[in-house]
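A.B. asks: Could you have a look at this structure, given as structure tokens, before my questions?
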Amino acid sequence: MDATYRITWITHYAELYGANRSMLDLMLELRRRGIAEPTVILPREGPLGTALVQEGIAHTVIDLRPWMSERTYMGGPHHRVMQYLRYRKAARERAAHNRAMLPLVLAQLRTWGSDAVHLNSAAVPMGAAIQQHSGLPLIWHIRELPEDQYLLHLDSGRRAYGRALRSADRLIAISKAVRTDIHRYTGQDTDIPVIYNGVLRTADHVRLAQRASERHWDGVVFNFCLIGLIHPSKGQIEAVEALALVRRKHPEARLIIAGTGRDQELRATIERTGQAEAVEMAGFVSDPFSILERSHTLLMCSRNEAMGRVTVEAMASGIPVIGHASGGTTELVEHGINGYRYTEGAAELADRMMRMIEHPEMARQLGAKGAEMAAERFTIERYANEIAKVYDAVFSRA
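Mapped onto our numbering, the consecutive letters of the sequence shown carry residue numbers 29 to 426.
Structure representation (structure tokens):
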């Protein structure tokens, strides 16, 4: 390839959680190689915008609003009907707002001289409209299972979502689980490459593997950790309940929960189980390795996690993972090889957690194998290579 593509990425939130961190890593590597000159549209300023300024990546804020949302129904039939009508009204208002933002998006693409648009999430709206009105190729990076993972309702319905997905010049899935989910909407004949996120450069994988021995249990406090958005689907409450069971036999067990979000019920569970001293609420952390460095096992309790960037980060750190046997987690965690899976709730999770405490040499071996697997499969270099092939294929058809 002898050209640099001018790629405008559009993301649906402003924080530096997994999807945006993966996007930022990828953009920096593509720019470093001269493959792409990235620009970014984001809905508001925040940690991502700050990082883009620091890296010298041009960005602008355009308030595009996700075209999917949570819907919770409570009360009797009359209350549910009224709730449904309010949800429908809010969806129409979001759609109208996004249509009003479309001219701003198109003008910005012209200003930047963009060659293509790269959407960073299923939740980014207006992809088909942007493609139609700009005439630019559309690459759509699907990083979640919207209905099954985040329990989201598709504002325009499944058929419209499927049509929008099929309109993209190229779809990318971050796991086989995500590809299977996309096919629910597009049909099985849609060609969708699976490109796992690259999490670290090769040299960083080597560095972390060399330091892995420093993270093993000293026999005093055993730290489990759970890192990511606090959300009912992420399993933080289940982890706290499991910890309560573990601590009946192993009072040295602790849990670090890093992240922000809907934490009211989580904090109530911590109080109800009497574990205020055993559970550390670390809040948002920009560097997950600051948590992993003082942890001995990662918990990935999410239901239908699309991939789980932090799972790979833990693997690269030489830390075993206990993951729920659903979604993309089954593609990362091999039971008895680099961690354990569980299928039920807190009791089975607690059993897996106690195995880690009671068999430290086994835990060390699981962690070492995870580091080896991560270095083989999840480098940023490999990630950029595969995305570059997608760009080449898209532009060769343009």
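For every residue, glycine included, the Cβ atom is placed at its ideal position computed from N, Cα and C.
Please go through the same chain and pick out, in chain order, the residues whose beta-carbon is closer than 6 Å to the beta-carbon of ILE365, but skip the five residues on each side of it.
C.D. replies: Within the sequence shown, residue 365 is the residue found at index 337, counting from 1. Counting only Cβ-Cβ distances below 6 Å, and skipping sequence neighbours, we find LYS397.
A.B. asks: Quick check on GLY367: does DSSP put it in helix, strand or coil?
C.D. replies: Residue numbering aside, residue 367 sits at position 339 when the sequence shown is read from its first letter. The three-state reading of DSSP puts GLY367 in strand, counting E and B together.
A.B. asks: Per DSSP, which residues does HIS252 bridge with? Please list them.
C.D. replies: Counted from its first residue, the sequence shown places residue 252 at position 224. Reading the sequence as shown, one finds Phe at residue 252 and not His. Answer is LEU283 and THR325.
A.B. asks: What span of residues does the beta strand (DSSP E) with THR67 cover, start to end?
C.D. replies: Here residue 67 corresponds to residue number 39 of the sequence shown, with the count starting at 1. First-last of the beta strand (DSSP E) with THR67: 64 to 70.
A.B. asks: Determine whether the beta carbon atoms of ALA447 and GLU266 lie at a separation below 7 Å.
C.D. replies: Residue 447 lies beyond the residue range present for the chain, which begins at 29 and ends at 426; the question has no answer from this structure.
A.B. asks: By alpha-carbon positions, which one of ALA157, THR407, LEU173 and VAL338 ends up nearest to GLY287?
C.D. replies: If you number the sequence shown from 1, residue 287 lands on position 259. Residue VAL338 is the option with its Cα nearest to GLY287.
A.B. asks: Three or more C-beta pairs under 8 Å: does that hold for the segment 380 to 396 against the segment 192 to 210?
C.D. replies: no
A.B. asks: Which runs of the beta strand (DSSP E) fall wholly inside the segment 80 to 126 and span at least 3 residues, in chain order?
C.D. replies: 87 to 89 and 96 to 98
A.B. asks: Below 6 Å CB to CB, which residues in the same chain sit around THR407 once its five sequence neighbours on both sides are set aside?
C.D. replies: By one-based count along the sequence shown, residue 407 stands at place 379. Hits under 6 Å: GLY226 and THR230.
A.B. asks: For TYR101 and ARG59, what's the separation of their Cα atoms in angstroms?
C.D. replies: Counting from 1 along the sequence shown, the entry for residue 101 is found at position 73. Counting from 1 along the sequence shown, the entry for residue 59 is found at position 31. Each residue's Cα considered, the two are about 46 Å apart.
A.B. asks: What does the alpha-carbon distance come out to for the pair GLU83 and ILE202?
C.D. replies: Sequence index remark: in the sequence shown, residue 83 carries index 55 (1-based). Sequence index remark: in the sequence shown, residue 202 carries index 174 (1-based). Whole-angstrom Cα-Cα distance: 25 Å.
A.B. asks: Under the DSSP definition of a beta bridge, which residues are partnered with MET309?
C.D. replies: If you number the sequence shown from 1, residue 309 lands on position 281. MET309 is bridged to ILE285.
A.B. asks: Using 7 Å as the threshold, is the C-beta distance between LEU193 and ALA334 below it?
C.D. replies: Looking up residue 193 in the sequence shown gives position 165. Looking up residue 334 in the sequence shown gives position 306. In this structure, ALA334 does not lie closer than 7 Å to LEU193 by Cβ.
A.B. asks: Can you find at least 3 beta carbon pairs, one from the segment 239 to 250 and one from the segment 262 to 281, that sit closer than 8 Å?
C.D. replies: Yes: at least three Cβ pairs fall under 8 Å.
A.B. asks: Looking only at DSSP bridge pairs, what is HIS244 linked to?
C.D. replies: Here residue 244 is taken as the residue at index 216 of the sequence shown, counted from 1. Answer is none; HIS244 lacks a bridge partner.
A.B. asks: Can you tell me the Cα-Cα spacing of LEU394 and HIS125, whole angstroms?
C.D. replies: The residue given as residue 394 occupies position 366 in the sequence shown. The residue given as residue 125 occupies position 97 in the sequence shown. Spanning the two alpha carbons is a distance of roughly 50 Å.
A.B. asks: According to the neighbour-count rule (16 or more other Cβ atoms, all chains shown, within 10 Å of its Cβ), is GLY46 buried or exposed?
C.D. replies: Locating residue 46 in the sequence shown gives position 18, counting from the first residue. Buried: at least 16 other Cβ atoms inside 10 Å.
A.B. asks: Please return the same chain residues whose Cβ sits closer than 6 Å to the Cβ of TYR189, not counting the five positions on each side in sequence.
C.D. replies: Along the sequence shown, one-based indexing puts residue 189 at 161. So the qualifying residues of the chain are LEU182 and TYR213.
A.B. asks: Does the distance from the C-beta atom of ILE90 to that of VAL145 stay below 7 Å?
C.D. replies: Your numbering for residue 90 matches position 62 in the sequence shown. Your numbering for residue 145 matches position 117 in the sequence shown. The answer is no: Cβ separation not under 7 Å.
A.B. asks: Could you give the residue range of the alpha helix (DSSP H) that holds LEU54?
C.D. replies: The count along the sequence shown starts at 1 and reaches residue 54 at position 26. Note, LEU54: alpha helix (DSSP H), 46 to 60.
A.B. asks: Expressed to the nearest angstrom, what Euclidean distance is found between the alpha-carbon atoms of GLY256 and ASP291?
C.D. replies: In the sequence shown, residue 256 corresponds to position 228, counting from 1. In the sequence shown, residue 291 corresponds to position 263, counting from 1. Going from the Cα of GLY256 to the Cα of ASP291 covers about 12 Å.
A.B. asks: Whose C-beta lies closer than 8 Å to the C-beta of ARG93 among residues of the same chain, with five residues either side of it excluded?
C.D. replies: Taking the sequence shown and counting its residues from 1, one reaches residue 93 at position 65. Excluding residues within five positions, the ones whose Cβ falls inside 8 Å are PRO71, ARG122, HIS125, ASN126 and PRO153.
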